[in-house]
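Visitor: 3 is the number of the first residue of the sequence shown in the working numbering; add one for each residue after it.
Just so you know, even glycine gets a beta-carbon here, dropped at the ideal spot from N, CA and C.
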Amino acid sequence: MALAENPIMFANNPLDRAGHQRGNPDWLAAQLAAETALIVPMWNLQPLVLPEIQPGDGRDVGYLPKAAFGEAFDFERADKAIVFLGLNRWGKPLFAADISHMSSPEDIGPFRGMGIFEDLRALSAIGDMPRTELAILAQAKGMLDWNLRHPFCAQCGSPTNMLEGGYKRICGNCGAEHFPRTDPVVIMLATHEDQCLLGRQRGWPEGMLSALAGFMEPGETMEEAVARELQEEAGLEINSVTYLGSQPWPFPGSLMIGCMAEASSLNVTVDEVELEEARWVSRADVISSMQGNGPLGVPPKMAIAHQLMQAFASGK
Ligand SMILES: [Zn+2]
């Protein structure tokens, strides 16, 4: 049975990641050698995006056959920066390749005139691409980013080699295995009766308020992390925590864990180092702000904080 469609941005990745096959180097090499293989070039972690064919149709990811890369990428090199994404619904193997060594690939070289290399955050805010494609790009960005940032062993400092299409790196010296990191972050909307607690960090757009958030620490459950963060940032006591949903957040490698937290009172003491402001906001003001009628600025739809506030607004 498939999972139901999820309204959270970067969810609904449709690929078969072939986790039981990609560990076999022969199988993986055959996927890259296949004529059906498609590779999205990524420049400074920005994917190639093709223009619309018909106005209003939306844009698509620039998946290209190997031949289209010309001299821009050496598929024979042992240390090539290319990650396996999975098999699409037609069984075609998809990859993402780093072409950051090129100086201006939109204007010079084999990708000239094909489209633009676009930041994933901007792309997901524009919303003119299928959400399933944005989910695949989140995987591509997270995977390439981690591999590019981990050329050396964290244990002994020697070079590491990529294995299993990028889902593992192994140290050539001490043999330590390293796996792509996902750093969990709790993001929570504290509520008390008909109000929710929103905060803002310095530098945010004027008037914008959002749910509070923080990295989980070793040795705590997500409920404990929610309670600790609310205590640290707002001096708030919590009675209960409810999990709402999670979001891959490849900026650079987080998993946002969205929760609702029931506060025992309205007593708040703001940590002014962490937050510029935190205050209770009525459900009526949240509803009106979500509809674009103020008085607050709210996080964009692509952020899970938006779903948390939507859940509160709808009384769930
Ligand atoms: Zn090592």
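(1) Quick check: Glu231 and Leu214, are their CB atoms within less than 8 Å of each other?
(2) Grab the span of the beta strand (DSSP E) containing Lys170 for me, first residue to last.
(3) For Gly260, name the three-state secondary structure that DSSP assigns.
(4) For Glu120, which residues from the same chain have a beta carbon less than 8 Å from its beta carbon, with the 5 sequence-adjacent residues on both sides left out?
(5) For a test of the three-state rule: what should DSSP assign to Val288, helix, strand or coil?
(6) Write down every uninterrupted run of the beta strand (DSSP E) in the stretch 141-203 whose length is 3 residues or greater and which is fully enclosed by it, in chain order.
(7) Helix, strand or coil, according to DSSP, for Leu47 in the structure here?
(8) Using DSSP's beta-bridge definition, name the partner residues of Thr244.
(9) Express the C-alpha separation of Leu268 and Trp45 in angstroms, rounding to a whole number.
(10) Who are the near neighbours of Arg204 in its chain, counting only those whose CB is closer than 6 Å to its CB and skipping five residues on each side?
(11) Hey, out of Phe253, Phe77, Ala236 and Arg202, whose CA is closest to Ser266's CA?
(12) With distance defined between alpha-carbon atoms, name the residue in Ser126, Arg123 and Pro107 nearest to Gly117.
(13) Quick check on Asp28: does DSSP put it in helix, strand or coil?
(14) Looking at ligand 1, does it come within less than 7 Å of Asn163, judged from the CB to the closest heavy atom?
(15) Whole angstroms is fine: what's the gap from Pro297's alpha carbon to Pro250's?
(16) Would you say the beta carbon of Asn175 comes nearer than 7 Å to a heavy atom of ligand 1?
(17) From Trp148 to Ala74, what distance separates their C-alpha atoms?
(18) Measuring straight from C-alpha to C-alpha, what distance separates Ala32 and Phe86?
(19) Is there at least one non-hydrogen atom of ligand 1 closer than 7 Å to the beta-carbon of Ala74?
(20) For the putative contact between Leu122 and Ala99, defined by C-beta atoms under 8 Å, what is the C-beta separation to the nearest angstrom?
(21) Just to check my reading of the structure: Leu150 and Leu136 have Cβ atoms closer than 8 Å, yes? What is that Cβ distance to the nearest angstrom?
(22) For a test of your reading of the model: does the CB of Gln157 fall under 7 Å from any non-hydrogen atom of ligand 1? Yes or no.
(23) Compare the C-alpha of Cys261 against each of Trp282, Cys155, Ala307 and Gly209 and name the closest.
(24) If you follow the alpha helix (DSSP H) that Leu310 is part of, which residue opens it and which one closes it?
(25) For Ile41, list the residues DSSP reports as bridge partners.
(26) How many angstroms separate the CA atom of Thr223 from the CA atom of Pro53?
(27) List the whole-angstrom C-beta distance separating Ile240 from Glu264, where the pair is believed to meet the contact cut-off of C-beta under 8 Å.
(28) How would you label Cys158, buried or exposed, when you count the other beta carbons within 10 angstroms and need 16 or more for buried?
Guide: Taking the structure as given:
(1) Here residue 231 corresponds to residue number 229 of the sequence shown, with the count starting at 1. Here residue 214 corresponds to residue number 212 of the sequence shown, with the count starting at 1. Closer than 8 Å, so yes.
(2) The count along the sequence shown starts at 1 and reaches residue 170 at position 168. From DSSP, the beta strand (DSSP E) with Lys170 extends over Lys170 to Cys173.
(3) Against the sequence shown, residue 260 aligns to sequence position 258. Of the three classes helix, strand and coil, the one that applies to Gly260 here is strand, per DSSP.
(4) Within the sequence shown, the letter at position 118 stands for residue 120. The answer, listed in chain order, is Gln48, Pro49 and Val51.
(5) Your numbering for residue 288 matches position 286 in the sequence shown. In the structure shown, Val288 sits in a helix (DSSP, three-state: H, G or I).
(6) 162-165, 170-173, 185-194 and 197-202
(7) Along the sequence shown, read from residue 1 onward, the residue named residue 47 stands at position 45. Leu47 falls in the coil class under three-state DSSP.
(8) On the sequence shown, residue 244 is found 242 positions in, with the first residue counted as 1. Thr244 pairs with Met262.
(9) Locating residue 45 in the sequence shown gives position 43, where the first residue counts as 1. Locating residue 268 in the sequence shown gives position 266, where the first residue counts as 1. Near 48 Å, if we compare the C-alpha coordinates of Leu268 and Trp45.
(10) Numbered from its first residue, the sequence shown carries residue 204 at position 202. For Arg204, where only same-chain residues beyond five positions count, the Cβ hits under 6 Å are Glu278.
(11) On the sequence shown, position 264 is the one that residue 266 refers to. Selected option, being the one with the closest Cα: Ala236.
(12) Mapped onto the sequence shown, residue 117 falls at position 115. Per the Cα distances, Pro107.
(13) Mapped onto the sequence shown, residue 28 falls at position 26. Correct three-state label for Asp28: helix.
(14) Within the sequence shown, the letter at position 161 stands for residue 163. For ligand 1, not one heavy atom lies less than 7 Å from the Cβ of Asn163.
(15) Position 295 of the sequence shown, counting from 1, holds the residue named residue 297. Position 248 of the sequence shown, counting from 1, holds the residue named residue 250. Distance between the alpha carbons of Pro297 and Pro250 is about 30 Å.
(16) The residue labelled residue 175 in the question sits at position 173 within the sequence shown. Yes.
(17) Counting from one through the sequence shown, the residue named residue 148 turns up at place 146. Counting from one through the sequence shown, the residue named residue 74 turns up at place 72. Spanning the two alpha carbons is a distance of roughly 21 Å.
(18) The residue labelled residue 32 in the question sits at position 30 within the sequence shown. The residue labelled residue 86 in the question sits at position 84 within the sequence shown. Ala32 and Phe86: Cα-Cα distance of roughly 12 Å.
(19) Here residue 74 is taken as the residue at index 72 of the sequence shown, counted from 1. For ligand 1, not one heavy atom lies less than 7 Å from the Cβ of Ala74.
(20) Within the sequence shown, numbered from 1, the residue matching residue 122 stands at position 120. Within the sequence shown, numbered from 1, the residue matching residue 99 stands at position 97. Contact doesn't hold; Cβ gap of about 16 Å is too wide.
(21) As a first step, residue 150 must be located in the sequence shown, where it is residue number 148. As a first step, residue 136 must be located in the sequence shown, where it is residue number 134. That belief does not hold up - the Cβ atoms of Leu150 and Leu136 are roughly 21 Å apart, past 8 Å.
(22) Taking the sequence shown and counting its residues from 1, the one referred to as residue 157 is at position 155. Yes, ligand 1 has a heavy atom inside 7 Å of this Cβ.
(23) Here residue 261 refers to the residue found at position 259 of the sequence shown. Selected option, being the one with the closest Cα: Ala307.
(24) Taking the sequence shown and counting its residues from 1, one reaches residue 310 at position 308. Its alpha helix (DSSP H) spans residues Ile306 to Ala315.
(25) Here residue 41 corresponds to residue number 39 of the sequence shown, with the count starting at 1. Looking at the DSSP assignment, Ile41 forms a beta bridge with Leu66 and Phe97.
(26) In the sequence shown, counting from the first residue as 1, residue 223 sits at position 221. In the sequence shown, counting from the first residue as 1, residue 53 sits at position 51. Distance between the alpha carbons of Thr223 and Pro53 is about 45 Å.
(27) Locating residue 240 in the sequence shown gives position 238, where the first residue counts as 1. Locating residue 264 in the sequence shown gives position 262, where the first residue counts as 1. Between Glu264 and Ile240 the Cβ distance is about 7 Å, and since that is below 8 Å, they are a contact.
(28) As a position in the sequence shown, residue 158 is number 156, starting the count at 1. Flag for Cys158 reads exposed.
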